[in-house]
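S.K.: The structure that follows is given in the form of structure tokens.
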Amino acid sequence: MILQTARSAPPVQYENTTITFFVDFTMHVQKLRCNFLEVKKVLRDRGLKYSMMFPTKVRVVAEGKTWYFEKPQDTFDWLEGWRTVGTLQRKTHPGKRQQGTDRPEHRTSQEHPREHGCSLEQTET
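Quick note: the sequence shown uses UniProt numbering, first residue 1, plus one each step.
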């Protein structure tokens, strides 16, 4: 509720300094969220709207529909069925890959650079 109010309120000032508010997650939740770094990159690259929900769920909005994924692999599996050409279109043959629909190689967390407080250790989802 505090963050919601802070987003809609004008900037908070104290002695000529702007005070900002940020979400603070436990280390466990942050490590689980790190598993979605590559998924979020692919979603951004494809121009898809997404958001992270607490604790570790990604919401994807495309063509007026909303999907929720609790595991990065589930999101990658869903992405294999979609391609971006102006707007999203369902593949005509779900069992066959069409040119340009292969998902990019994704790396394990061992290969990711340290980002957003993510450790280099593999984290189970």
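Just so you know, even glycine gets a beta-carbon here, dropped at the ideal spot from N, CA and C.
1. Nearest-angstrom Cα distance between Thr5 and Val12?
2. With DSSP as the reference, label Thr20 as helix, strand or coil.
3. What did DSSP end up calling Arg46 once you bin it into helix, strand or coil?
4. Going by other Cβ atoms of all chains shown within 10 Å of its Cβ, with 16 needed for buried, is Thr69 buried or exposed?
5. Around the Cβ of Asn16, are there at least 16 other Cβ atoms within 10 angstroms (buried) or fewer (exposed)?
M.R.: On the basis of the data shown:
1. A straight line joining the alpha-carbon of Thr5 with that of Val12 spans about 11 Å.
2. The DSSP-derived three-state label of Thr20 is coil.
3. Arg46 falls in the coil class under three-state DSSP.
4. Reading the sequence as shown, one finds Phe at residue 69 and not Thr. By the Cβ neighbour-count rule, Phe69 is buried, with 16 or more other Cβ atoms within 10 Å of its own.
5. Residue environment analysis places Asn16 among the exposed positions, since fewer than 16 neighbouring C-beta atoms fall within 10 angstroms of its C-beta.
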